[in-house]
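Quick notes on the structure that follows.
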Amino acid sequence: MTLSSPLNVASQGEQGGGASLPDVVPHAPRQVNPRLAVPVESLRRFFSKVAPSASDCWEWTGTINGSGYGTCSPGFSAPSWMAHRLAYEWFVGPLDADLQIDHLCRNKLCVNPRHLEAVTPTVNMQRAVVARGPYCRNGHLLDASTLRIWSTGGGKTCRYCLVCRRASRARVKARSL
Ligand SMILES: [Zn+2]
Ligand SMILES: [Zn+2]
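Our numbering numbers the first residue of the sequence shown as 125 and each following residue consecutively.
Okay, structure coming up:
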């Protein structure tokens with residue numbers, strides 16, 4: 125299936141046959157965030173970087189940031205946006221800056237608005253812990269005594285494992301001695 129035009133994807137979806145883009149596309153310009161001017165050309169460019177997957181995800185094939193999320197290059201909007209947040213604003217509605225997008229499909233690259241839910245950072249973190257298991261990348265159990273989460277503003281949160289943090293501090297200290 126090709127995505128040559130965002131204006132024909134909905135009709136392709138109605139015809140069935142594998143992954144489809146939802147019928148929200150034709151309504152997008154009316155729901156657009158007033159901060160963004162979104163001509164059809166922007167939608168076209170956006171969908172030129174989207175590949176549908178068997179799980180109905182819209183996988184971003186454009187630029188990916190260090191956190192593993194798709195980003196829109198300048199020209200879509202300025203400054204650059206995370207692709208899934210942009211998709212949410214276009215196809216669902218204005219997104220509160222304090223809210224995060226939870227990928228219900230657990231596919232970070234997915235920009236399918238049907239797979240995106242706006243949630244508070246706390247809820248998002250709790251769901252991520254459930255999805256990934258309550259362990260840090262080094263296998264330490266994350267619980268109230270080892271998991272630290274804080275908001276860095278703009279709807280972003282950071283978390284770290286206290287055990288790992290202590291170990292890295294000890295390494296820094298050992299080097300400086
Ligand atoms: Zn998805
Ligand atoms: Zn750890």
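We put the CB at the ideal spot given by N, CA and C, even for glycine.
Quiz prompt | ligand 2 heavy atom lying under 8 Å from the CB of G263 | solution = Looking up residue 263 in the sequence shown gives position 139. At least one heavy atom of ligand 2 is nearer than 8 Å to the Cβ of G263, so yes.
Quiz item: Does any heavy atom of ligand 1 sit closer than 8 Å to the C-beta of C181?
Solution: Numbered from its first residue, the sequence shown carries residue 181 at position 57. Yes, the beta carbon of C181 sits closer than 8 Å to at least one heavy atom of ligand 1.
Quiz item: Candidates W214, Y284, E183: which alpha carbon is nearest S166's?
Solution: Residue numbering aside, residue 166 sits at position 42 when the sequence shown is read from its first letter. When only C-alpha atoms are compared, the closest one is W214.
Quiz item: CB of L210 to nearest heavy atom of ligand 1: below 8 Å?
Solution: Looking up residue 210 in the sequence shown gives position 86. Answer for L210: no, Cβ out of range of ligand 1.
Quiz item: Taking buried to mean at least 16 other C-beta atoms within 10 Å of its own C-beta, is L145 buried or exposed?
Solution: The residue labelled residue 145 in the question sits at position 21 within the sequence shown. At L145, the pLDDT of 42 sits below 50, so the modelled position is not reliable; the number obtained from the coordinates is stated separately. Under this definition L145 is a buried residue.
Quiz item: Just the Cα atoms here: how many angstroms apart are R209 and M249?
Solution: For the purposes of this step, residue 209 is identified with residue 85 of the sequence shown, where counting begins at 1. For the purposes of this step, residue 249 is identified with residue 125 of the sequence shown, where counting begins at 1. Using only the alpha carbons, I get a separation of about 17 Å.
Practice problem: State the beta-bridge partners of V174 as determined by DSSP. | Solution: For the purposes of this step, residue 174 is identified with residue 50 of the sequence shown, where counting begins at 1. Looking at the DSSP assignment, V174 forms a beta bridge with W184.
Quiz item: Counting only runs that start and end within the stretch 189 to 235, where is the beta strand (DSSP E) found for 3 or more residues in a row?
Solution: 224 to 227
Quiz item: Does the beta-carbon distance from C285 to R293 come in below 9 Å?
Solution: Stepping through the sequence shown from its first residue, residue 285 is reached at position 161. Stepping through the sequence shown from its first residue, residue 293 is reached at position 169. Not closer than 9 Å, so no.
Self-check item: Ranges of the alpha helix (DSSP H) found wholly within the stretch 230 to 270, counting only runs of at least 4
Solution: 245 to 256
Quiz item: So does N231 have its beta carbon nearer than 8 Å to some heavy atom of ligand 3?
Solution: Among the ligands in the structure shown, ligand 3 does not appear; only ligand 1 and ligand 2 can be found there.
Quiz prompt | Close-in-space but distant-in-sequence residues of the same chain around K232 (CB under 7 Å, 5 per side omitted) | solution = The sequence position of residue 232 within the sequence shown is 108, counting from 1. Once the five neighbours on either side are set aside, the close Cβ partners of K232 are G192, Y193.
Exercise. Grab the span of the alpha helix (DSSP H) containing L286 for me, first residue to last.
Key: For the purposes of this step, residue 286 is taken as the residue at position 162 of the sequence shown. That run of the alpha helix (DSSP H) goes 286 to 300.
Exercise. Note down, in chain order, each residue of its chain lying with its Cβ closer than 7 Å to the Cβ of Y212, except the 5 sequence neighbours on either side.
Key: Sequence index remark: in the sequence shown, residue 212 carries index 88 (1-based). Excluding positions up to five away in sequence, the list reads L219, I225, P237, L240, A242.
Quiz item: Where does A207 land, buried or exposed, given buried means 16+ other C-beta within 10 angstroms?
Solution: Residue 207 sits at position 83 when you count from the first residue of the sequence shown. That one is buried.
Exercise. Report the rounded CA-to-CA distance for A262 versus V287, giving the unit in angstroms.
Key: For this step, residue 262 is matched to residue 138 along the sequence shown. For this step, residue 287 is matched to residue 163 along the sequence shown. Sequence check: residue 262 is Asn here, not Ala. Roughly 9 Å between the two C-alpha positions.
Quiz prompt | Exposure label - K297; buried when at least 16 CB within 10 Å | solution = By 1-based counting over the sequence shown, the position of residue 297 is 173. Exposed.
Quiz item: Are C196 and W205 close, meaning C-beta to C-beta below 9 Å?
Solution: Numbered from its first residue, the sequence shown carries residue 196 at position 72. Numbered from its first residue, the sequence shown carries residue 205 at position 81. Yes, they are a contact pair.
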